[in-house]
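Q:
See below:
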């Protein structure tokens with residue numbers, strides 16, 4: 001009769017016993033689930049945090065960069081590796097398309113993760129544990145993690161963030177004692193981070209220090225996502241043997257050639273769209289603001305990558 | 308202006324009938340585009356085939372989402388609203404001219420957005436979370452479509468007013484129209500949220516606004532994204548009641564209860580979209596728990612009430628027809644040869660057991676941690692929107708073809724099989740995806756091997772098996788949809804004309820004889836089935852919490 005007006009008296013019809021029974025059960029179930037969620041906050045060990053700080057993309061990127069510089073113990077496939085102290089703050093930066101840093105944690109110790117993005121919305125998916133959180137630019141999400149098992153874990157991005165989304169993956173190693181590092185090929189990592197190379201105006205840095213700083217920037221600024229250092233072609237020209245090479249380029253649609261020197265590298269960093277190497281016209285280099293000092297360090301690093 | 312239907316006796320406004328037809332046709336076109344994309348996507352994610360390149364994979368995920376979740380569903384719902392407000396209420400269409408304007412806007416929106424997507428200017432997914440930016444025309448297309456849909460909803464209310472003033476339906480509005488009215492009210496809330504977020508985003512894409520805060524965007528976007536699914540639920544449940552009436556002459560055993568449940572949807576579902584932000588920064592646990600319990604569970608309660616009320620309406624009518632033996636004779640002797648009936652029963656089962664259970668569990672604050680943004684989420688809403696809503700719409704179309712398009716169904720034998728095939732396909736797809744998600748596989752992800760990334764990750768080896776299930780399910784579901792589309796197209800354009808009740812392949816049941824008043828349960832069979840549902844739910848509930856408890860500690 002659902003297509004017709006209901007029979008007279010429909011409003012006063014008694015609810016049948018079975019329907020009443022079901023509704024009561026359903027209501028109890030709903031209330032129980034409500035209480036359950038609250039109880040889990042008290043007794044459970046997995047609860048999303050309520051702590052968020054407002055930040056900006058540049059501010060957080062700076063924080064993360066400084067954090068990595070201070071704690072760097074090595075590199076893994078171009079991703080900086082840190083070894084945070086238990087109970088310390090850990091800064092995890094998500095950007096197109098990588099997570100940095102990779103980290104070595106100790107089982108059953110707590111770490112205050114600060115997670116934010118440099119560009120788009122990303123996803124934090126810890127595998128194979130399977131814990132998932134959302135990452136926003138401009139919001140610093142504080143999650144206190146305590147790894148309960150040892151092993152190698154990955155952070156997969158599970159929020160679409162552009163064409164390279166599926167290449168965005170980070171790493172966490174959880175160990176109990178230092179010997180375990182061998183299991184993950186991390187035995188050559190430094191046990192303590194290097195002292196920070198102090199830059200001062202009156203004492204110029206050595207060439208070696210410049211290269212080291214340049215290599216750090218290469219990882220920190222995300223150059224690593226598109227430029228390889230071993231000659232393989234990713235989304236942009238490899239840096240191996242690049243310095244001094246003559247490249248075919250396009251400038252404003254016109255073809256010409258250019259020799260890669262300090263000036264060209266600087267120009268390419270500051271105005272990436274001006275001269276584009278032929279063969280890479282379709283990939284746009286994102287704007288990567290750098291100081292003159294940093295550009296000099298990057299240049300030193302590129303110079304060091306000889307054929 | 309009117310014809311009197313020689314089969315049902317309803318007065319049909321011919322101008323309304325035409326609008327219903329055209330909106331339905333565009334719904335089918337959208338569905339076709341959506342499922343072709345879907346098949347390509349399944350063949351891409353199934354790693355051994357890996358059909359599309361990354362660019363086209365992401366592009367078609369966007370295309371599929373928009374066409375399936377927005378265009379197909381809303382065109383069909385507009386057809387449904389027009390049907391509900393004119394045919395069922397025996398009334399005329401308030402302003403057919405405006406109806407055509409609305410239709411024109413919706414078609415324009417569909418065309419613009421789809422072209423922009425296929426041109427590669429809007430690879431942003433359906434959700435288009437800022438600061439991911441699409442071409443301004445993409446947002447404009449969606450806005451045009453939404454404005455058209457909003458006008459259609461307003462016309463629905465106009466029709467209701469005429470019907471009410473002219474008393475064309477008796478004292479009280481029929482339950483189906485009441486349910487559709489619920490859907491229309493939710494649609495207004497939904498489209499308002501849509502305007503609230505798409506208009507600033509459109510201006511931002513034009514460069515007129517500096518930035519759209521990503522957290523605010525996500526919060527309001529889900530006021531559209533989730534509430535729109537509740538339009539589907541309200542419309543779908545209305546159709547379930549309608550099918551009960553058409554196939555066995557059934558009606559809700561207590562109309563007051565059913566109507567109250569519809570009201571619960573209106574009151575609470577908008578807040579419930581908070582469950583999309585359970586693992587997000589920016590909002591507190593108290594906010595999350597409150598909105599997903601207080602608000603969402605009252606909407607869940609409404610669905611649980613319908614879960615009893617709809618099957619019991621079948622059961623009670625069948626018992627009156629004399630199928631009174633035991634607990635389940637009413638079900639065994641049901642009109643299974645009627646594809647609309649089987650489609651609706653299968654939709655109810657799929658919606659409850661697959662979509663409903665996972666929806667409630669995934670929507671709890673803590674358990675969301677183990678599924679958020681994994682492929683389990685689309686797996687869940689394949690259970691609600693695809694088995695639930697889409698199969699329901701497919702089923703009721705078997706009545707619309709003879710009653711509104713006045714054609715016989717071509718390939719009726721095939722039509723009897725189609726709902727089963729579709730159900731099996733989507734159930735496999737859906738369950739496969741849910742298990743994959745529980746194993747950590749992300750959604751919207753082109754490459755499970757992470758090639759090109761600094762590291763790789765191997766999922767649990769069990770994923771290989773569930774990928775096969777998912778892929779096969781996708782192929783079966785695609786085939787079933789194609790069969791349905793072919794049946795609809797051939798019937799509507801080349802089917803033999805229906806000239807009266809003798810040409811009806813699907814029966815329309817008369818009202819059952821009055822039952823004897825009796826003590827005890829009205830619908831014991833339904834009660835047993837709902838308890839079965841409860842058991843399945845509790846099993847899944849504890850399983851998920853157990854998995855959660857095994858993860859790292861976080862707070």
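Protein chains in written order, with our numbering: chain A, 1 to 307; chain B, 308 to 862. Glycine included, C-beta positions come from ideal geometry on N, C-alpha and C.
1) Report, in whole angstroms, the separation of the C-beta atoms of residue 550 of chain B and residue 647 of chain B, which I expect to be a contact under 8 Å.
2) With residue 486 of chain B and residue 569 of chain B assumed to form a contact (beta carbons below 8 Å), what rounded beta-carbon distance in angstroms separates them?
3) Below 7 Å on C-beta distance, what does residue 30 of chain A contact in chain B?
4) Would you verify that the beta carbon of residue 622 of chain B is, or is not, closer than 8 Å to some beta carbon of chain A?
5) When you compare the CB positions of residue 554 of chain B and residue 645 of chain B, do they come within less than 8 Å of one another, or not?
6) Give me the chain A residues within the contact set of residue 830 of chain B, using Cβ-Cβ distance strictly less than 8 Å, ordered along the chain.
7) Does the segment 849–858 of chain B come within contact of the segment 134–143 of chain A, defined as at least 3 CB pairs closer than 8 Å?
8) Measure the Cβ-Cβ separation of residue 843 of chain B and residue 691 of chain B and say whether it is below 8 Å.
9) Which residues in the same chain have their Cβ closer than 8 Å to the Cβ of residue 747 of chain B, if we skip the five residues on either side of it in sequence?
10) Reducing DSSP to helix, strand and coil, say where residue 860 of chain B ends up.
11) Checking the sheet assignment: what are the DSSP bridge partners for residue 568 of chain B?
12) Let me know if residue 809 of chain B comes out buried or exposed under the rule of 16 or more other beta-carbons within 10 Å of its beta-carbon.
13) Under 9 Å, CB to CB, which of the residues in the segment 69–96 of chain A have a partner in chain B?
14) If you draw a straight line from the C-alpha of residue 343 of chain B to the C-alpha of residue 380 of chain B, how long is it?
15) Of the residues that make up the segment 26–51 of chain A, which ones have a beta carbon closer than 9 Å to any beta carbon in chain B?
16) Report the residue from A/52, A/240 and A/36 whose alpha carbon sits nearest the alpha carbon of residue 304 of chain A.
17) Which partner residues does residue 134 of chain A have in the DSSP bridge list?
18) Could you name the residues of the segment 156–185 of chain A whose beta carbon sits closer than 8 Å to any beta carbon of chain B, in the order they occur along the chain?
19) Determine the DSSP secondary structure at residue 804 of chain B, reduced to helix, strand or coil.
20) Do you know how far the Cα of residue 156 of chain A is from the Cα of residue 752 of chain B?
21) Under 8 Å, Cβ to Cβ, is there at least one residue of chain E near residue 528 of chain B?
22) Among A/270, A/238, A/213 and A/50, whose alpha-carbon lies nearest the alpha-carbon of residue 80 of chain A?
23) Would you say the segment 412–425 of chain B touches the segment 729–741 of chain B, given that touching needs at least three Cβ pairs under 8 Å?
24) Taking the DSSP output, what are the residues bridged to residue 426 of chain B?
25) Contact between the segment 563–577 of chain B and the segment 605–616 of chain B is defined here as three or more beta-carbon pairs at a separation below 8 Å; is this criterion met?
26) Looking at the secondary structure, which residues open and close the beta strand (DSSP E) in which residue 103 of chain A lies?
27) What separation, rounded to the nearest whole angstrom, lies between the Cα atoms of residue 845 of chain B and residue 146 of chain A?
28) Taking residue 173 of chain A as part of the alpha helix (DSSP H), name the residues at either end of that continuous run.
29) Classify residue 1 of chain A: buried if its beta carbon has 16 or more other beta carbons within 10 angstroms, exposed otherwise.
30) Please determine, among A/21, A/100 and A/162, the residue with the shortest C-alpha to C-alpha distance to residue 72 of chain A.
31) Please report the residue range of the beta strand (DSSP E) in which residue 94 of chain A lies.
32) Once you ignore the five residues that flank residue 89 of chain A on each side, which residues in its own chain have a CB closer than 7 Å to its CB?
33) Please classify residue 281 of chain B: is it buried, with 16 or more other beta-carbons within 10 angstroms of its beta-carbon, or exposed?
34) Can you give the Cα-Cα distance for residue 52 of chain A and residue 522 of chain B, rounded to whole angstroms?
35) Does residue 109 of chain A come out as helix, strand or coil in the three-state DSSP assignment?
A: Checking against the coordinates, here is how it stands:
1) 6 Å
2) 6 Å
3) 604, 607 and 608
4) no
5) yes
6) 16, 18 and 19
7) no
8) no
9) 681, 766 and 767
10) strand
11) According to DSSP, residue 568 of chain B bridges with nothing at all.
12) exposed
13) 76, 77, 78 and 79
14) 16 Å
15) 26, 27, 29, 30, 31, 33, 34, 35, 36, 37, 38, 40, 41, 44, 45, 46, 47, 48, 49, 50 and 51
16) A/240
17) A/123
18) 156, 157, 158, 159, 160, 161, 162, 163, 164, 165, 166, 167, 168, 169, 170 and 171
19) strand
20) 10 Å
21) Any reference to chain E falls outside this structure, whose protein chains are A and B.
22) A/213
23) no
24) Answer is none; residue 426 of chain B lacks a bridge partner.
25) yes
26) 102–106
27) 29 Å
28) Premise fails: residue 173 of chain A lies in the beta strand (DSSP E), 169–175, not in any alpha helix (DSSP H).
29) Low confidence applies here, because residue 1 of chain A scores a pLDDT of 49, under 50, leaving its location unreliable; read the following figure in that light. Classification for residue 1 of chain A: buried.
30) A/100
31) 89–95
32) 112 and 114
33) Chain B is shown from 308 up to 862; residue 281 of chain B falls before or after that span and cannot be answered.
34) 12 Å
35) coil
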